[in-house]
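Worksheet for the structure shown next.
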Amino acid sequence: MEPIPASMARSLGTLILAQCHTHRPFMRLESFDRFFPSQDNLPRGGFGNLIALPLQKAAREDGNTCFVDESFRPVSDPWDFLSKVRCLGSDEVKALVERESPRLKTVIKEQGVFDDIAWTRDNEIIAFDRRSVETQEFEIEDIEVTLDSMIHIPTTGLPATLISRLKRCATFANPEFYKLQRMRMQTYPHPRFIFSGELHPERLILPRGVLDDVLKLLRLTEANITLRDERVRKRKIKLSFAGELTDIQKKAVKASKKEDLGVLVAPPGAGKTVMACAIIAERRVSTLVLVHRQPLLEQWRESVHRFLEVPIKEIGRLSGSKKKISGKIDLAMLQSLSRLEDLAEIGKMYSQIIIDECHHIPASSFEAILKLLPARYVLGLTATPNRKDGLEKILYQQCGPVRYELKSVDGGLLEKVVHVHQTGWTLPVELGPKPPYHLVMAHLVNDTGRNQLVVEAAVERLNGGEFPLLVADRKAHLDKLSDLLVGQNSMQASVEIVRLDGEMSPKQRQLGIANARKLRSEGKLVLLVATGSLVGEGFDLPELDALILAVPLSFEGRLIQYVGRIHRVLDGKAKVQVVDFFDAHSPMFIKMYRNRMRAYRKMGYEIRELFGAELMGRSGFFNF
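Here numbering that gives the first Met the number 0 is used: the first residue of the sequence shown is 0, the next is one more, and so on.
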């Protein structure tokens, strides 16, 4: 008997389950999780989840396992049963899989972090079933679809194959499952597939962002399709835009306002809030702006007042204990909305929803809020739609697809340079070959030699007249770096260190930023030090022109947020610089470094690697 790789067997099994699901749409997606072999590769330290085969007599006699026939009756003699089953060879299995899902002949590289064959394979299998609709004749005369905050489709009289295919419009393979599988770790309790809708006995509910796919699929039935639009359409309100847009901002606004749903992608500093205000003024409808952080809410208050000339007192606000809504232009914290019992009623007041930093919407509590807001217009704003957990499909299901992506803030006018220093940092042997990440980071941030190198790089930027931002992940790390900097003898003048961290209130942070700007305007050397969580989103200090990354990171979206702090346009600003550190003796940090270099190049940076001749000769580190 020819052995077959588990990955190939799983492909065939997934196809079989997908076919079952086509005929039984009420079959739960958990069926795909109760599937053996449960992973393509063995997990570390054992065999993973196992089941007893019916060939194990004791387990069979205890009623724990058995083979069943086509009528689901137990087979009394499993050996005799198996002897009559024809075995498939690997070539036959491969041919079956390719026939049922032709696109699996090649590995399709999806945009994002999960470039994974198994993930791509299962996404293709769950999606490739259009033939069951295209080749089938349906005896359906009328289908009525209702659209409010979700899509509602009555299932009475609909064939099972059509219901199943409609469900798949909102079903996708869970990236976290495949990430764990790729790392040979246990995948429980993460589901293999995620369904973002609801299936009830008499109706199917799907997220609004898949409406185009739903209508396209229903038209294949040649039935009469009626779309009842029950989204909120309030009367126009008086608004005018008092700002000025650049040519590229005008293009972004024009493209984004053409469709009812959509996401506007623009890097930090591109003026997403200004463009959103222009769209509010164009549509002139009641608008609810959703944010997830208090500083963003305060920035929006200032922007609405400045660009739409709405008095501060007339801007509604829902955050913490403050609940004052106008039904015209209101701002709300997502966390506050999640605690409201009357959210559905409040949602009926708004014809437009704008979500700032909308890549946070896939969080289940935030997604639940969007499902209760039946606005006609939904606009998402973000610099980084791709998420580290790969769940950006939920974002698009709620907000619609990307309608416009603005690539650069400066239009190519800024000179961008990355200076890379090799640290020489090594991991202690006593920690073992693969220590936990938190132990690695604890050792790295406490390494005096590496910290001294970071401080020297900051001194070099300060002596060059730049206004740098130093970013670390831990407050204790900021303490060590600040102490080292105070003791430096190579400073041309005394330096003012302004610190921002999570223990400061929003008001204290704003005072800190204002103080840094004031000191800088007085001609003093200023170093802004901050934890990454405080500068990633909603941080505005255009005077910054240098970034120092004190710790390694990997995710492109996070790097874009950090680097975006120095990309904001300012008169007289011609060059921005990043200082990066390469920890060449750690395979994990080498991989993270490669990811950062790719991201820098995409952002238009020139990379200057300040390495010794010995390291430069080690090819393999630098093949990006």
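Backbone N, C-alpha and C define an ideal beta-carbon position, used for all residues, glycine too. These figures come from a predicted structure and were not determined experimentally.
According to DSSP, is residue i helix, strand or coil?
i, result
"K574", "strand"
"N445", "coil"
"T154", "coil"
"Q248", "helix"
"T220", "coil"
"P586", "helix"
"L477", "helix"
"F365", "helix"
"M348", "coil"
"E605", "strand"
"I565", "helix"
"G326", "coil"
"S318", "strand"
"R130", "Bear in mind that the predicted position of R130 carries a pLDDT of just 47, short of 50, making it unreliable; the figure below should be weighed with that in mind. Looking at R130 - three-state DSSP - the assignment turns out to be helix."
"A374", "strand"
"V458", "helix"
"V231", "strand"
"F80", "helix"
"E138", "coil"
"A94", "helix"
"G464", "coil"
"E356", "coil"
"F306", "helix"
"A5", "helix"
"G261", "strand"
"K104", "Reliability of the predicted coordinates at K104 is poor, the pLDDT of 47 falling under 50, and no value is obtained from them."
"A17", "helix"
"A241", "coil"
Residues in its own chain within less than 8 Å of residue i by CB, not counting five upstream and five downstream?
i, result
"G156", "I139"
"R338", "none"
"R607", "V416, V417, H418, V419"
"L95", "L11, L14, L87"
"L484", "V454, A457, V458, V494, I496, L526"
"S325", "E313, I314, G315"
If you measure between the beta carbons of residue i and residue j, is that distance less than 8 Å?
i, j, result
"Q396", "P206", "yes"
"L497", "L524", "Residue identity differs from the one stated: residue 497 is Val in this sequence, not Leu. The answer is no: Cβ separation not under 8 Å."
"K545", "Q576", "A small correction: the amino acid at residue 545 is Ala; Lys does not occupy that position in the sequence shown. Going by C-beta atoms, A545 is nearer than 8 Å to Q576."
"V416", "E605", "yes"
"I353", "L371", "no"
"L307", "A374", "no"
"A529", "D500", "yes"
"R595", "P267", "no"
"G556", "R292", "no"
"C65", "V74", "yes"
"L526", "L469", "yes"
"A456", "I547", "yes"
"I328", "T286", "yes"
"L146", "R202", "no"
"Q421", "F610", "yes"
Among the residues of its own chain, which have a CB less than 7 Å from the CB of residue i, if the five just before and after it don't count?
i, result
"K601", "none"
"T381", "V262, V264, E356, C357, H358"
"P427", "H442"
"D472", "T530, G531, V550"
"F538", "R564"
"G631", "Nothing about residue 631 can be reported from this structure: the residues present for the chain run from 0 to 623 only."
"Q487", "V454, V458"
"L54", "P77"
For residue i, I'd like the list of residues in its chain whose CB is within less than 6 Å of its CB, leaving aside the five on either flank, ordered along the chain.
i, result
"F113", "Any answer about F113 is weak, because its pLDDT of 39 lies below 50 and its placement is not dependable; what the coordinates show is given next. The answer, listed in chain order, is P174, G389."
"T225", "E143"
"E197", "I204"
"G511", "V497, L499"
"L330", "V288, L296, W299, R316"
Kindly examine the ligand HEM and report whether one of its heavy atoms sits closer than 7 Å to the Cβ of residue i.
i, result
"A475", "With respect to the ligand HEM, the structure offers nothing, as it holds no ligand at all."
Worksheet item: Is there contact here, the segment 225-236 with the segment 343-351, by at least three beta-carbon pairs under 8 Å?
Response: yes
Worksheet item: Contact between the segment 398-416 and the segment 567-575: three or more CB pairs below 8 Å?
Response: yes
Item to complete: Please confirm if the segment 158-172 is in contact with the segment 23-43, defined as three or more CB-CB distances below 8 Å between the two stretches.
Response: yes
Discussion item. I'd like the ranges of any alpha helix (DSSP H) spanning at least 4 consecutive residues and lying wholly in the segment 24-72.
Written reply: Inside the segment 24-72, DSSP marks whole alpha helix (DSSP H) runs of 4 or more residues at positions 56-60, from first to last along the chain.
Worksheet item: Are there three or more Cβ pairs, one per stretch, closer than 8 Å when the segment 439-458 is compared with the segment 579-599?
Response: Yes, the segment 439-458 is in contact with the segment 579-599.
Worksheet entry | Any alpha helix (DSSP H) of 4 or more consecutive residues that is wholly inside the segment 381-428 | 391-398
Worksheet entry | contact_flag[the segment 28-39, the segment 178-186] where n(CB pairs < 8 Å) is 3 or more | Touching, per the Cβ criterion.
Worksheet item: Pairing CB atoms from the segment 239-256 with CB atoms from the segment 273-284, are three or more of them under 8 Å?
Response: yes
Worksheet item: Along the chain, which unbroken stretches of the beta strand (DSSP E) at least 3 residues long are found entirely within the segment 168-222?
Response: 170-172, 192-194, 202-206
Fill in: Whole alpha helix (DSSP H) elements within the segment 496-536, 4-residue minimum
505-520, 531-534
Fill in: Complete beta strand (DSSP E) runs within the segment 263-303 (minimum length 3 residues, chain order)
Scanning the segment 263-303 from its first residue to its last, the whole beta strand (DSSP E) runs of 3-plus residues come out as 286-290.
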